[in-house]
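The opening position of the sequence shown corresponds to residue 125 in the numbering used here, with each subsequent residue numbered one higher.
For every residue, glycine included, the Cβ atom is placed at its ideal position computed from N, Cα and C.
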Amino acid sequence: MKFGLFLVLFASLLYAQELPQEAANMEQIYKKGEQFYKQNCPRVSKRGVQNIEALKEKLAKICKNQDEQSINAAALYIWDAPKTIAQKLQKIEVPADARCPICGMLVAKNPNWAAMIEDGSQNLYFDGVKDLMKYYFKNGKKFERVFVSDYYKLHKIDAKSAFFVIGSNIYGPMGDELVPFEKESDAINFAKDHFGKAVLKFSDISEQMLTGL
125 MKFGLFLVLF
135 ASLLYAQELP
145 QEAANMEQIY
155 KKGEQFYKQN
165 CPRVSKRGVQ
175 NIEALKEKLA
185 KICKNQDEQS
195 INAAALYIWD
205 APKTIAQKLQ
215 KIEVPADARC
225 PICGMLVAKN
235 PNWAAMIEDG
245 SQNLYFDGVK
255 DLMKYYFKNG
265 KKFERVFVSD
275 YYKLHKIDAK
285 SAFFVIGSNI
295 YGPMGDELVP
305 FEKESDAINF
315 AKDHFGKAVL
325 KFSDISEQML
335 TGL
């Protein structure tokens with residue numbers, strides 16, 4: 125029994141320290157896309173383009189000195205729009221002494237999983253979505269400004285418009301977690317790769333679900 129608990133906690137620590145490749149390289153991809161686009165492509169607009177795949181096809185027809193990686197990076201740069209990139213890459217900044225109100229852990233030890241509630245002049249920090257939601261329900265769901273960290277890109281996103289994978293084989297600092305994503309497509313692909321049981325919207329999460337995590 126104790127040995128089994130040790131294995132779960134050990135696995136949780138390993139996954140909590142894991143920095144996904146996409147997250148580590150995101151800023152570099154934007155920079156590479158910007159450089160390639162400005163040096164090799166006539167100016168284009170994403171207006172009227174249905175999706176990023178269509179934008180890639182458009183760039184492939186008009187850009188010089190191209191390869192697939194450069195076209196992908198340029199399309200991502202244009203699609204996200206230069207003026208919003210800095211905002212998209214903004215992370216939840218956790219004070220060194222901030223402790224999770226639910227479990228008491230220092231949240232800054234696992235910043236990739238950080239979640240937060242802005243409550244007037246006070247910010248509350250959590251070491252994962254699970255504990256954030258426990259606090260949210262415990263206090264009557266009264267909070268409007270609730271944020272989580274996108275699992276792949278690690279940037280700060282609005283929890284109420286995010287998507288969450290439940291039941292995957294990826295553990296957070298406190299074990300089983302609701303893994304958050306800004307895009308539903310990322311959540312679906314993650315669930316397929318990591319045996320997730322379901323993809324949920326914020327409004328789908330119930331207090332009863334948390335008791336099973």
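- Taken through DSSP and simplified to helix, strand or coil, residue 214 comes out as coil.
- With a 10 Å radius around the Cβ and a threshold of 16 neighbouring Cβ atoms, residue 306 comes out buried.
- Residue 248 is a Cβ neighbour of residue 241, given a cutoff of 8 angstroms.
- Residue 174 sits in coil when the DSSP states are folded into three classes, being neither helix nor strand.
- For residue 174, the closest of 161, 245, 199, 157 by C-alpha to C-alpha distance is 199.
- When secondary structure is reduced to three states using DSSP, residue 219 falls in the coil class, being assigned neither helix nor strand.
- Taking the C-beta atoms as reference points, residue 267 is found no nearer than 8 angstroms to residue 251.
- For residue 165, the closest of 152, 172, 150, 181 by C-alpha to C-alpha distance is 181.
- Residue 278 and residue 236 have their C-alpha atoms roughly 6 angstroms apart.
- According to the DSSP assignment, residue 273 belongs to the beta strand (DSSP E) that extends over 269–273.
- Counting every other CB atom within 10 Å of its CB across the protein chains shown gives residue 160 a total of 16 or more, marking it as buried.
- Taken in chain order, the complete alpha helix (DSSP H) segments of 4 residues or longer contained in the stretch 277–329 are 308–317.
- Beta-bridge partners of residue 242 (DSSP): 247, 269.
- In this structure, the CA atom of residue 154 is about 6 angstroms from the CA atom of residue 197.
- At least 8 angstroms separates the beta-carbon of residue 302 from that of residue 294.
- Per DSSP, reduced to three states, the secondary structure at residue 183 is helical.
- In terms of CA proximity to residue 309, 274 leads the group 274, 337, 150, 298.
- If you draw a 10 Å sphere on the C-beta of residue 336, you find fewer than 16 other C-beta atoms in it, and that means exposed.
- Beta-bridge annotation (DSSP): residue 230 is paired with 223.
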